[in-house]
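Here my numbering is used: the first residue of the sequence shown is 3, the next is one more, and so on. First up is the structure itself, then whatever we jot down about it.
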Amino acid sequence: MLSIDSSAKAAIIFPGDNLVTLSEYLPVASEVGGGFRSISYRELNSLTDGIAREIKKAPNFNHNTVILPAENSLQSILLIIALWKAGKSPFLVSSAIRQEELQMIRDNYKLEVYWDLIKDQHPSLVSKAEVPDFSEADTNPKAAIIRTSGSEGVPSAASIPFKSITEHLKICGEYFQFGSEDRWLLSLPIHHVSGLGIICRSLFNGLTLVIPKSLKMHDISDAMTRFGVTHASFVTPQLKEVMDRKISPSDSMKALLVGGGPANSKLILSAVEAEWPVFKVYGSTETFTFISVLDVKTRPDKVDSAGLPMRNVLLETDPLTDELQVSSPSLIEEYYEHNERTREKFHNGWFNTGDIARIDEEGFLHILMRRTDLIVSGGVNINPSEIEEQILKSGYIADVCVTGRTEERWGEEIVAVIVLKEGIKFEEKNLRSFLAKHLDRMKVPKRFLILENLPRTETGKIKRGDIKKMINSDISSKHQ
Numbered sequence: 003m004l005s006i007d008s009s010a011k012a013a014i015i016f017p018g019d020n021l022v023t024l025s026e027y028l029p030v031a032s033e034v035g036g037g038f039r040s041i042s043y044r045e046l047n048s049l050t051d052g053i054a055r056e057i058k059k060a061p062n063f064n065h066n067t068v069i070l071p072a073e074n075s076l077q078s079i080l081l082i083i084a085l086w087k088a089g090k091s092p093f094l095v096s097s098a099i100r101q102e103e104l105q106m107i108r109d110n111y112k113l114e115v116y117w118d119l120i121k122d123q124h125p126s127l128v129s130k131a132e133v134p135d136f137s138e139a140d141t142n143p144k145a146a147i148i149r150t151s152g153s154e155g156v157p158s159a160a161s162i163p164f165k166s167i168t169e170h171l172k173i174c175g176e177y178f179q180f181g182s183e184d185r186w187l188l189s190l191p192i193h194h195v196s197g198l199g200i201i202c203r204s205l206f207n208g209l210t211l212v213i214p215k216s217l218k219m220h221d222i223s224d225a226m227t228r229f230g231v232t233h234a235s236f237v238t239p240q241l242k243e244v245m246d247r248k249i250s251p252s253d254s255m256k257a258l259l260v261g262g263g264p265a266n267s268k269l270i271l272s273a274v275e276a277e278w279p280v281f282k283v284y285g286s287t288e289t290f291t292f293i294s295v296l297d298v299k300t301r302p303d304k305v306d307s308a309g310l311p312m313r314n315v316l317l318e319t320d321p322l323t324d325e326l327q328v329s330s331p332s333l334i335e336e337y338y339e340h341n342e343r344t345r346e347k348f349h350n351g352w353f354n355t356g357d358i359a360r361i362d363e364e365g366f367l368h369i370l371m372r373r374t375d376l377i378v379s380g381g382v383n384i385n386p387s388e389i390e391e392q393i394l395k396s397g398y399i400a401d402v403c404v405t406g407r408t409e410e411r412w413g414e415e416i417v418a419v420i421v422l423k424e425g426i427k428f429e430e431k432n433l434r435s436f437l438a439k440h441l442d443r444m445k446v447p448k449r450f451l452i453l454e455n456l457p458r459t460e461t462g463k464i465k466r467g468d469i470k471k472m473i474n475s476d477i478s479s480k481h482q
């Protein structure tokens, strides 16, 4: 069973001004400078024990699963752990979630929101009692419910058991060999699996967890330098901002994990050249974070890959579709309240990722594209990432998303939605001329649509579904 060692020489370092509702309950929190405070694991256990007891006493708390709007704060972490101790599972969503989206989740899953269930009583957050260390977690083996990155409309949510977390901790700890002096930066949202993974890797390995004041890069950079962070996880847009700002790694940095979608190889290599210890990782909510790793400094020749599978992880590609199949000890077993989706994606201990991939002769994994991103034009399957790569090489474009627009004759026509580099005057004929030299004629986009920014998720992934809807609307008929 997972437990937090009260005697561990570690702490949670957090922004003191984030504790509006908790400040009066933390007289023992130590000042560590710069508006930050810290609490020990002993206090963490004591606080969450008190909250758990209040949850159990709440008269309306009948569900084993409850919606928890969470943010990157000590308060949210305390509530997650307290729910575990009370034998409850948090359905994690952003604290900034739109009310309509929240209501959709409530209606679809027949769940209540945490704050609604305890609004008539304020939890006593301090307790001197001994900590039960998740003594009732066995009664509800789900650690969390997290919506998958591809969820649109009625969400598909992964039901993550404690077993998946435990197995991930084993294989991750074996690879990175954490030490008690290590400090993880909470650099990704905790209502996503990547952020929850950081919390678990820190607390259950006895490491210090550092929470920046926000996920803005100046706050992330400040926290890394101020507290000697050794490990952090970035998505590609964060890494790009680091390089654009010419931020250098501190001497303490041991590993910077980069994942969450395709990463530009040139960007990755430039980060390594700037002495960032970059490890490319690949995984998903269903695998409870990453299941393959590439140490780029050791194998720069494999920078286009997603690395090698971790211990006890098996990878195969479907011989007919080239879709990647994963078997891992950390694999979840089901989607929450979605049997049909579970049957579609899970078979005999294997998970169909939906990613088109290949595995080279040395066993390195190469992710080519999402199958749902495939453009079918004139009966030919077209990989949009190939086109996007060439568009970015043109020198005119800062960001791009290539997708298909429904068209009667061809089925789909290729549309490139682009963001221009600052100060660039767009000349479509110049871009077309460049692409014609590097792509088959049928792969050159029929239309270009200019936006100021591409819509992205909080973890940096392009919202391709939103873009596809946009270009298939009447607005898309305006050729820019």
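No residue lacks a Cβ here, since even glycine has one placed at the ideal position from N, Cα and C. Every value quoted in this text rests on a predicted model; they were computed, and no experiment measured them.
Beta-carbon proximity list for residue i, same chain, < 7 Å, skipping 5 on both sides
i    : result
A438 : V446
E176 : R313
S423 : Note that residue 423 is Lys in the sequence shown, not Ser. Y398, I399, A400, listed in sequence order.
K465 : P457, R458, T459
A84  : T50, I53, A54, I57
Residues that DSSP places opposite residue i in a beta bridge
i    : result
C403 : V419
W352 : H349
V68  : P92
R458 : I464
S97  : Looking at the DSSP assignment, S97 forms no beta bridge with any residue, so it has no partner.
N383 : V378
R360 : H368
I14  : I41, L211
H233 : W186, A257
F450 : A418
Contact set for residue i: own chain, Cβ-Cβ below 8 Å, skip 5 residues either direction
i    : result
T323 : I358, R373
K463 : S151, V237, G262, G263
N383 : L376, I377
Start-to-end residues for the alpha helix (DSSP H) that takes in residue i
i    : result
K87  : 76-87
I270 : 267-275
Three-state class that DSSP yields for residue i in the structure shown
i    : result
E409 : strand
I41  : strand
D135 : Low per-residue confidence applies at D135: pLDDT is 43, beneath 50, and the placement is therefore not dependable, though the value from the model is reported in the following sentence. Residue state, collapsed to three classes: coil.
R373 : helix
E390 : helix
V283 : strand
K431 : helix
I47  : One detail in the question is off: residue 47 reads as Asn in this sequence, not Ile. Residue state, collapsed to three classes: helix.
T501 : The structure shown does not extend to residue 501, since the chain spans only 3 to 482, so no value can be given for it.
S204 : helix
F63  : coil
E73  : coil
E33  : strand
I148 : strand
L217 : coil
R443 : helix
D246 : helix
I222 : helix
S475 : coil
E424 : coil
P239 : helix
S196 : helix
S8   : coil
V52  : For clarity, residue 52 is Gly in the given sequence; the question names Val instead. In the structure shown, G52 sits in a helix (DSSP, three-state: H, G or I).
K470 : helix
E26  : For E26, the predicted model reports a pLDDT of 46, less than 50, meaning its position is unreliable and no value from the coordinates is stated.
Cβ of residue i within 8 Å of any chain D Cβ
i    : result
K465 : The structure shown contains no chain D, having only a single protein chain.
Cβ shell of residue i (< 6 Å), same chain only, five flanking positions each side left out
i    : result
P214 : D221, I222, A225
T210 : A12, A13, R185
K470 : T405
E169 : P331, S332
D306 : S267
R44  : S8
A145 : I162, F164, I167
E415 : R407, E409, K448
T287 : I148, T150, A160, V195
Cβ-heavy atom distance, residue i to the ligand SAM, below 7 Å
i    : result
D221 : In terms of ligand content, the structure shown is empty, and the ligand SAM therefore cannot be addressed.
Extent of the continuous beta strand (DSSP E) run through residue i
i    : result
E114 : No beta strand (DSSP E) contains E114, which DSSP labels as neither H nor E.
Continuous beta strand (DSSP E) assignments of at least 3 residues falling wholly in the stretch 293-347: 316-319, 325-329
Contained beta strand (DSSP E) runs [length at least 3] in the stretch 150-188, N- to C-terminal order: 159-163, 185-187
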